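Just below is one structure, and these are the notes that go with it.
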RNA sequence: GCGGACGUGGUGGAAUGGUAGACACCGGAGACUUAAAAUCUCCUGGCCUUAUGGCCGUGCGGGUUCGAGUCCCGCCGUCCGCACCA
């Protein structure tokens, strides 16, 4: 009997699929199309289990759709620009381009053995000039339509590396690489006008029925729509009024001061006049704009000396303060503070000794606010103190509406809607990104590059010399010749923009490019019309906001510029966010001697020591689990392979807790924790099918799955059993009569139904459970050869989306026609799903007490009669009549005694 | 602080309001074997019971229902997202 040797059969079938070209997306007539896409990877050069799970899920869908008669588009590419390539160049020399392309080669080599049904002919990387050149064309189109603009913006500036940092690159107020204190700096930057689409991006979320509710909610919160009142404070000493925005206009009678952002025009004017203000504003700008920096920052204020009049009581004067917690790019950059009903305003007022006045009280309470602001839910009724709109008792919500109406009628304010979503700053002072295709001309200003000059390619070297990435700053900026060019407008010598685009730009339209990856324009409308939208998009929840929101914006912008059809304004019809692959962490503790770098003092500290899964062994006897180090066996001259010696170590470790290994289950795989499982290792020892089967089998796809060695082995054993089963059936007597043909066929049709339903609904783990069960049924069956052969071939087909190589091999072994991968998906025969008889559980008062076997279509009255005659029911009723009998046909009988 | 999700055996998890624990891991017993590995068979939520059977059981407390893991309300816990957003 031949053995199941996965690497052998896997290579064979991959070659067969490749030669048949069955995964190349074609627009053949008469078939519906299906576009399945997994979020493309960053080419780190190392495939990990998370990739395997992500791509396997997409592959299950793609292969299933292929066999249900679709033209399938299932492409793959690389999100290849970005900092890691430059960091690698800085750390160990070399060139980002070489590093990236070599990693791409490596990753393709690592992905191919997985047997994914990808159309490799469409592959591209975002760092290909053919791709980013088209991205530059898009940028120019956007510019023409007013979807991109330049403005000054406050950014995180790393003074050592001399670059802008993304918020997530700032750690504790310091640059993540240089360790320098990050400054807030104002720079001229390019922005996409995503905020123009705030309302549309928000309201269209309702149409995304096949997106996880969680993602839609996260986007909704991110866009952050709010309704409030905008109005002005007149200054007592003249000058432009100060415009403020508030969502709680109803608290105006509790106003204490007017606050403006350090970046507000008034603050800037003062800054120019006064050194004291300049110093204060500089202090405010120190420290990052990150969450962490903000949270720990103390409230700072500066009294400008300016006074304004309360809009309702002209003799009530309020001071104007500059406050560090007010953001320039939200609302108007100025607020009125109501400390009684806002905690940060209260903190500020207590610090600077400003008045605190309640605008309202809780219904049963009249103590004025002391150290905690009174902020009841907006739906709760409160009691107002002398409210100008005539309110006595009302909810916050009603009060806000009444106040807005009042202000609008009186003419001093206006109800407005604001969004938290800000425009998307795309400029990066980096080398390894898509150059922004504009030219700075002394005479003409900022001029878009001509499309025929695209791509504006990155220079590989500096006039024959390698670019030095170890020098801080942007290599493009200091390149001797690259910047020089002719002004596209007047032809005079001019200089190129040296900023490159945020890498999120690259991934905001790649899905559209896949429909025509070699087109001379960003897209080919006929192809886009056919293949778009992405029917199923699969990726990590970490992209719930930025990538997906940016892509939704890009799709709209591309539609406006004629690069995508109307229907693609929402480019992803269905989204699935898959969980991570985790692995237990094994750790012990050890004492480590440490020398303080400042004082030179020595001390002993306890440190975690992490062990590789291969270095530990789980021992479990009589329900007591113990994890021991293999080295413990060696130290005692014992062997892991001998049962008695395993027991001995089990007892030893149990009695000496110091020898025990602590297990932290379900932790994210991480190099530093020594708990990474390398897919390549699994594939070479067990085969890709085992890895694919396992990552789908144990947990629902949206949840994390924990990789366990025993689980992986079990998956492999199962595939082995299926292989042996196929072999056994192949050796059966062709004419043998059997028993239970009909039962086996019924089970087979049930399995077809359940697995199909499972795949359709992303219930891969449940589908696999059904396949396990059916394999068990088949292996015990004594049915005829003909029926067993049909059953095993159907089993192969049902498994083929998950374990395509094994399925193909079984198909071939049983003499199946053509390739299993392209054979039509089996269809469950309804007639075979209907059971003649059915077992009905009988409940008495909702508790199961027995069961009866009845004909499937027996009418209710008959079923009731049979149920009442049941022994347990008779006993429970004890002669009296039942209060009620519920018969759910085909389901259950419940007798209320 | 705001918003959301989740909570089922030793473990991962099944279950259109209708027999809770499918399927798998771990564990136990047995077969085969000189022995081990591999493979195969059976058992495996808890308690009581020889068996039959009975009682309890889906984080906790209430509610709706003939019937609740599932729906509603209130707690507790875990995880995630957002956050000086006026």
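In this note's numbering, the protein residues as written are 1 to 897.
Every residue, glycine too, gets a C-beta built ideally from N, C-alpha and C.
All values derive from a computational prediction rather than experimental measurement.
Residue i versus residue j - alpha carbon distance
i: residue 9; j: residue 67; result: 21 Å
i: residue 630; j: residue 615; result: 6 Å
i: residue 13; j: residue 819; result: 9 Å
i: residue 586; j: residue 666; result: 11 Å
i: residue 95; j: residue 162; result: 20 Å
i: residue 697; j: residue 541; result: 20 Å
i: residue 572; j: residue 543; result: 14 Å
i: residue 830; j: residue 857; result: 16 Å
i: residue 308; j: residue 362; result: 30 Å
i: residue 889; j: residue 870; result: 17 Å
i: residue 813; j: residue 736; result: 19 Å
i: residue 719; j: residue 670; result: 29 Å
i: residue 139; j: residue 72; result: 30 Å
i: residue 788; j: residue 729; result: 7 Å
i: residue 18; j: residue 40; result: 21 Å
i: residue 569; j: residue 527; result: 16 Å
i: residue 265; j: residue 153; result: 14 Å
i: residue 695; j: residue 506; result: 29 Å
i: residue 878; j: residue 841; result: 20 Å
i: residue 448; j: residue 485; result: 12 Å
i: residue 225; j: residue 758; result: 38 Å
i: residue 334; j: residue 707; result: 52 Å
i: residue 209; j: residue 693; result: 29 Å
i: residue 471; j: residue 282; result: 28 Å
i: residue 732; j: residue 54; result: 40 Å
i: residue 293; j: residue 244; result: Only weak support is given to the placement of residue 293: the predicted model assigns it a pLDDT of 46, under 50, and the question is left unresolved by the model.
i: residue 643; j: residue 617; result: 13 Å
i: residue 864; j: residue 834; result: 22 Å
i: residue 20; j: residue 798; result: 21 Å
Beta-carbon gap between residue i and residue j smaller than 7 Å
i: residue 530; j: residue 27; result: yes
i: residue 752; j: residue 826; result: yes
i: residue 148; j: residue 429; result: no
i: residue 100; j: residue 127; result: yes
i: residue 347; j: residue 299; result: yes
i: residue 65; j: residue 34; result: yes
i: residue 688; j: residue 115; result: yes
i: residue 49; j: residue 679; result: yes
i: residue 534; j: residue 37; result: yes
i: residue 611; j: residue 675; result: no
i: residue 61; j: residue 78; result: no
i: residue 142; j: residue 557; result: yes
i: residue 311; j: residue 412; result: yes
i: residue 844; j: residue 895; result: yes
i: residue 434; j: residue 135; result: yes
Pick from the options that is closest to residue i, judged by C-alpha positions
i: residue 180; options: 190, 158, 414, 823; result: 158
i: residue 859; options: 837, 843, 469; result: 837
i: residue 473; options: 395, 500, 832; result: 500
i: residue 89; options: 724, 432, 845; result: 432
i: residue 821; options: 673, 793, 828; result: 793
i: residue 401; options: 263, 383, 378; result: 378
i: residue 602; options: 507, 608, 594; result: 594
i: residue 450; options: 435, 489, 425, 463; result: 489
i: residue 203; options: 184, 187, 223; result: 223
Cβ contact check for the stretch 653 to 665 and the stretch 771 to 783: 3 or more pairs under 8 Å: no
Contained alpha helix (DSSP H) runs [length at least 4] in the stretch 662 to 703, N- to C-terminal order: 679 to 685, 688 to 697
Completely contained alpha helix (DSSP H) runs for the stretch 697 to 780, where each covers 4 or more residues: 709 to 730, 741 to 760, 764 to 780
At least three beta-carbon pairs within less than 8 Å, the stretch 117 to 124 to the stretch 512 to 519: yes
At least three beta-carbon pairs within less than 8 Å, the stretch 190 to 207 to the stretch 549 to 566: yes
Contact the stretch 791 to 808 vs the stretch 742 to 758: 3+ CB pairs below 8 Å: yes
Whole runs of the beta strand (DSSP E) within the stretch 188 to 275, excluding any shorter than 3 residues: 225 to 235, 242 to 246, 257 to 260
Contact the stretch 307 to 322 vs the stretch 250 to 262: 3+ CB pairs below 8 Å: yes
At least 3 beta-carbon pairs within less than 8 Å: the stretch 490 to 498 vs the stretch 433 to 446: yes
Runs of alpha helix (DSSP H) wholly within the stretch 606 to 637 (minimum 4 residues, chain order): 630 to 635
4 or more residues per run - each alpha helix (DSSP H) lying fully within the stretch 481 to 543: 503 to 506, 510 to 513, 525 to 531
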